[in-house]
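Here the structure is laid out as structure tokens; the discussion comes afterwards.
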Amino acid sequence: MARLPIIDITPYVEANRDLTKCRATSDALHSACIEYGFFYLDISQYIDPSEPEELTRLAREFFALPQEDKNKIRLENQDYARGYQRLKQNVTNGKADNHEAIDLYKPVESPDKSKPLWGENQWPDIPGFQQKYDRWIEKMKNLGLILMEAMSVGLGMTTEEWMQLRAQVDDSFWVMRIIGYPPLPNDHDGFSCGAHKDYGCLTFLHADPTRSALQVFLRQSGTSVSDLNGLPAEHGTEEGIWINADPVPNCVVCNIGEMWEIWTNGLYKSTLHRVVHKGSNYRVSIPFFFEPNFTANVAPLPAALRLLSSQGNEPTSNDGKAHQPVVYGDFLLRKVGSNFATGTQLFARIHISVRTMSYESSVSRLPSQLKDLVVNAQVDVAKTDADKAEVTKWIEMVAEGEIVKPAALQDLETQLIPRTYIVSNYLTAADVALYGALHPVFSQLQPPQYHSTPALTRYFDHIQTRPSVVTAAQALAPAFSSVSFDLASAPPIERKADAPKKKEKAKVVAEQVESTAAVTPQKENVPEDKPKEKKEKKKDAAADNGSKKKEKVSTPATSKPVAEDAGEPVPSMIDMRVGHIVDVKKHPEADSLYIEQIDLGEDAGPRTVVSGLVNYIPIEDMRDKYLVCICNLKPANMRGVKSFAMVLAASSKDGKEGGVELIQPPPGSKPGERVYFEGPEYESAQPLAQMNPKKKIFETIQPGFTTLDTKEAAWINPVTKSIHRIRTKDGVCVAPNFIGASLS
Ligand SMILES: O=C(O)CCC(=O)C(=O)O
Ligand SMILES: [Fe+2]
Numbered sequence: 001m002a003r004l005p006i007i008d009i010t011p012y013v014e015a016n017r018d019l020t021k022c023r024a025t026s027d028a029l030h031s032a033c034i035e036y037g038f039f040y041l042d043i044s045q046y047i048d049p050s051e052p053e054e055l056t057r058l059a060r061e062f063f064a065l066p067q068e069d070k071n072k073i074r075l076e077n078q079d080y081a082r083g084y085q086r087l088k089q090n091v092t093n094g095k096a097d098n099h100e101a102i103d104l105y106k107p108v109e110s111p112d113k114s115k116p117l118w119g120e121n122q123w124p125d126i127p128g129f130q131q132k133y134d135r136w137i138e139k140m141k142n143l144g145l146i147l148m149e150a151m152s153v154g155l156g157m158t159t160e161e162w163m164q165l166r167a168q169v170d171d172s173f174w175v176m177r178i179i180g181y182p183p184l185p186n187d188h189d190g191f192s193c194g195a196h197k198d199y200g201c202l203t204f205l206h207a208d209p210t211r212s213a214l215q216v217f218l219r220q221s222g223t224s225v226s227d228l229n230g231l232p233a234e235h236g237t238e239e240g241i242w243i244n245a246d247p248v249p250n251c252v253v254c255n256i257g258e259m260w261e262i263w264t265n266g267l268y269k270s271t272l273h274r275v276v277h278k279g280s281n282y283r284v285s286i287p288f289f290f291e292p293n294f295t296a297n298v299a300p301l302p303a304a305l306r307l308l309s310s311q312g313n314e315p316t317s318n319d320g321k322a323h324q325p326v327v328y329g330d331f332l333l334r335k336v337g338s339n340f341a342t343g344t345q346l347f348a349r350i351h352i353s354v355r356t357m358s359y360e361s362s363v364s365r366l367p368s369q370l371k372d373l374v375v376n377a378q379v380d381v382a383k384t385d386a387d388k389a390e391v392t393k394w395i396e397m398v399a400e401g402e403i404v405k406p407a408a409l410q411d412l413e414t415q416l417i418p419r420t421y422i423v424s425n426y427l428t429a430a431d432v433a434l435y436g437a438l439h440p441v442f443s444q445l446q447p448p449q450y451h452s453t454p455a456l457t458r459y460f461d462h463i464q465t466r467p468s469v470v471t472a473a474q475a476l477a478p479a480f481s482s483v484s485f486d487l488a489s490a491p492p493i494e495r496k497a498d499a500p501k502k503k504e505k506a507k508v509v510a511e512q513v514e515s516t517a518a519v520t521p522q523k524e525n526v527p528e529d530k531p532k533e534k535k536e537k538k539k540d541a542a543a544d545n546g547s548k549k550k551e552k553v554s555t556p557a558t559s560k561p562v563a564e565d566a567g568e569p570v571p572s573m574i575d576m577r578v579g580h581i582v583d584v585k586k587h588p589e590a591d592s593l594y595i596e597q598i599d600l601g602e603d604a605g606p607r608t609v610v611s612g613l614v615n616y617i618p619i620e621d622m623r624d625k626y627l628v629c630i631c632n633l634k635p636a637n638m639r640g641v642k643s644f645a646m647v648l649a650a651s652s653k654d655g656k657e658g659g660v661e662l663i664q665p666p667p668g669s670k671p672g673e674r675v676y677f678e679g680p681e682y683e684s685a686q687p688l689a690q691m692n693p694k695k696k697i698f699e700t701i702q703p704g705f706t707t708l709d710t711k712e713a714a715w716i717n718p719v720t721k722s723i724h725r726i727r728t729k730d731g732v733c734v735a736p737n738f739i740g741a742s743l744s
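Here it is as structure tokens:
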């Protein structure tokens, strides 16, 4: 029977390191990570065995308490992630896990339980409990750094490369679970903990001496898996065996998570495991998840790429592409659902599968026609791992069925106001699933009803006309027949640039999409800013999450809330859109100015824009051009002509005399399409309806505008130097020729 290797970390914890022994440990780690992704780590020289035994005893004391005492620290008191989860509250691969647990996360500086993962840990009221676990956490964090160093040697990293990797994990956003497993009843539909991979970096598991509980899946061709139903759908056809990973004295069971797959571009695999505890005792296990820093940018490591190419392997993942980098915190937040404010109800039910959700298993839970629709549409699941996690979350929510209930529609409406697609800036499987789930509802709605959710209606109509969706729907006719909307009778719109008089104060911060601000980031079939009744937010959600956020939406029914330029200037406050110059002439009163008519996809018709480009761009190079416009500056009077937007132009790095050219949106762009800054903090943030000139928002952000070596337009954060390309859903905007240009 195969058994996982035992690797001794002692050489790395001794005061005087013996380099030969260290090397041996590192080499063993390297082999184990390639072959198994799992091993035992002998920590006898690092930890006194009585210490984890005491932790197990404390855990038992807690789990033995009456249910109502355990519930005092339930997850729902906090951010739905920190605290006690009752038996079967955790769901893996769609099935309830037969365990209960206390989940703890790295404490954050300014806790706010209304934000995902940002609440406070909840500790049992048992003497010594927190103190002893805190000591363990410190030791496991340190062990994480030690093991990372040992692994860096195994991977052939230079000292400098190790220091760079170390900087990604030296402030680990760790997680610890204290898990209690009653015996698994024979008739339980599921497992003690269903098969999953850990998603982070390193897991150190201390478990009580119970045998035949934790099982690890070893891929082995030619072996049939007797209980295929235990595998997540995407592994359903893999051949292999489950082996027991029984506790070994003085060792923790260690496994690597998906971040190591990214760092090594697939050379190290994180491995499926599960718990099937059929014994008669109550099992306790304490996994500590040593994760990257919240802000770590996890990308393939040069050492791994060197190793892969020296072996003649192109650095690719399963689907033939290199692994996509992720910022760990973004990855994690997407897993738990980034729109916590509106998703609380849903989050409460699905966050629990955070460690374990997979795209394929989420699709397999869809009702059969929806599943067929998603499969037939053959759209990209997602372009990045982070997007895939988000797509999975949405499909899980669709599978749950709650998302299209009337109470949830208004939440969806709010989320869709600034978006073309639900997850990212391109069509994903989540859009197909959501569209399919909305279809029975939308095919029954009367005009006043769908007019009350214009963003959702616009979204639905947009998705139903995507060619891949049309084809998929036709194959399933008549189930998803096209729904037509009477948009002509929709309430009229008011163009915001013409209406700068608004002064209704709605406290909205830029990142929160809580208002129906008069901004439609892309051209759509539905007029952009319809007066609409604000429906009352779900009462139960407000009760569960009774924070200031909910109060913000309670503007009077007749008012038109407008995003206020609250807070420090951030680029996403700028409303940029694709424009099409439908007419251009010279200003009769000013030699240097053009007067353009620019179609921005608005029903009110093209906007008049005045630009000082006569001396730099010939008029024939302006005619009929597609360009990027800044649409939320205060309209300015320029020699007697009012200008309602500004065109984004690049000046040579040698100054205007070196030339000026228009920034171009990607080919095929449509007037009115949303142009935005890459980066999760900006991508889905809603621009301000109008930037207050006094706040000098554009002036503050503009110096960071430039073109990269690729001529792509971008904003570079002057503080962090992070690069945020300027793009539409179809691609990045570029300057035709200039590198290092300034944009204004
Ligand atoms: O209890 C165990 O042995 C494993 C638990 C586990 O895999 C997890 O929580 O990720
Ligand atoms: Fe796990």
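The numbering of the sequence shown is UniProt numbering, which starts it at 1 and goes up by one. We treat Cβ as the ideally placed atom computed from N, Cα and C, and that holds for glycine. All of these numbers come straight from a predicted model, not from anything done at the bench.
To the nearest whole angstrom, what separates the beta carbons of residue i and residue j, a pair I think is in contact under 8 Å?
i, j, result
"L143", "Y46", "7 Å"
"I663", "A650", "6 Å"
"F191", "V275", "6 Å"
"V363", "V374", "6 Å"
"residue 745", "P569", "Absent from the structure is residue 745, since the part of the chain shown begins at 1 and ends at 744."
"T728", "P665", "6 Å"
"Y435", "F460", "6 Å"
"Y36", "L218", "7 Å"
Quick one: does the C-beta of residue i sit closer than 7 Å to a heavy atom of ligand 1?
i, result
"D198", "yes"
"L487", "no"
"R177", "yes"
"A382", "no"
"A195", "no"
"A207", "yes"
"A213", "yes"
Cβ-heavy atom distance between residue i and ligand 2 below 7 Å?
i, result
"P287", "yes"
"H273", "yes"
"T203", "yes"
If you run the structure through DSSP and keep just helix, strand and coil, what is residue i?
i, result
"residue 755", "Examination of residue 755 is not possible in this model, given that the chain is present from 1 through 744 alone."
"T707", "strand"
"D583", "strand"
"S353", "Here the model assigns S353 a pLDDT of 40, short of 50, so the residue's position is not dependable, and the following value carries that caveat. S353 falls in the helix class under three-state DSSP."
"S362", "helix"
"E564", "Only weak support exists for where E564 lies, its pLDDT of 46 falling under 50; the coordinates are left without a value."
"E239", "coil"
"K532", "Its pLDDT being 36, under 50, K532 is placed unreliably in this model, and the value from its coordinates should be taken loosely. K532: coil per DSSP, three-state reduction."
"F460", "helix"
"N71", "helix"
"W715", "strand"
"N425", "coil"
"F62", "helix"
"L412", "helix"
"P5", "coil"
"I126", "coil"
"Y133", "helix"
"D330", "helix"
"Y594", "strand"
Cβ pair count under 8 Å reaching 3, the segment 239-246 against the segment 209-221: yes
How about the segment 98-110 and the segment 166-182: do they share at least three Cβ pairs that are nearer than 8 Å? yes
How about the segment 130-148 and the segment 52-71: do they share at least three Cβ pairs that are nearer than 8 Å? yes
Contact between the segment 571-586 and the segment 597-607 (3+ Cβ pairs under 8 Å): yes
Taking one C-beta from the segment 677-686 and one from the segment 608-620 each time, how about it: are there three or more such pairs within less than 8 Å? no
Taking contact to mean 3 or more Cβ pairs, one atom from each stretch, closer than 8 Å, check whether the segment 152-170 and the segment 58-65 are in contact. no
The segment 78-92 / the segment 15-24 touching (three or more Cβ pairs under 8 Å): no
Does the count of Cβ pairs from the segment 683-692 and the segment 732-739 closer than 8 Å reach three? no
Can you find at least 3 beta carbon pairs, one from the segment 391-404 and one from the segment 461-475, that sit closer than 8 Å? no
Just checking, does the segment 4-19 make contact with the segment 115-126 on the three C-beta pairs under 8 Å criterion? no
With contact counted as at least three CB pairs below 8 Å, one residue from each stretch, are the segment 286-306 and the segment 74-82 in contact? no
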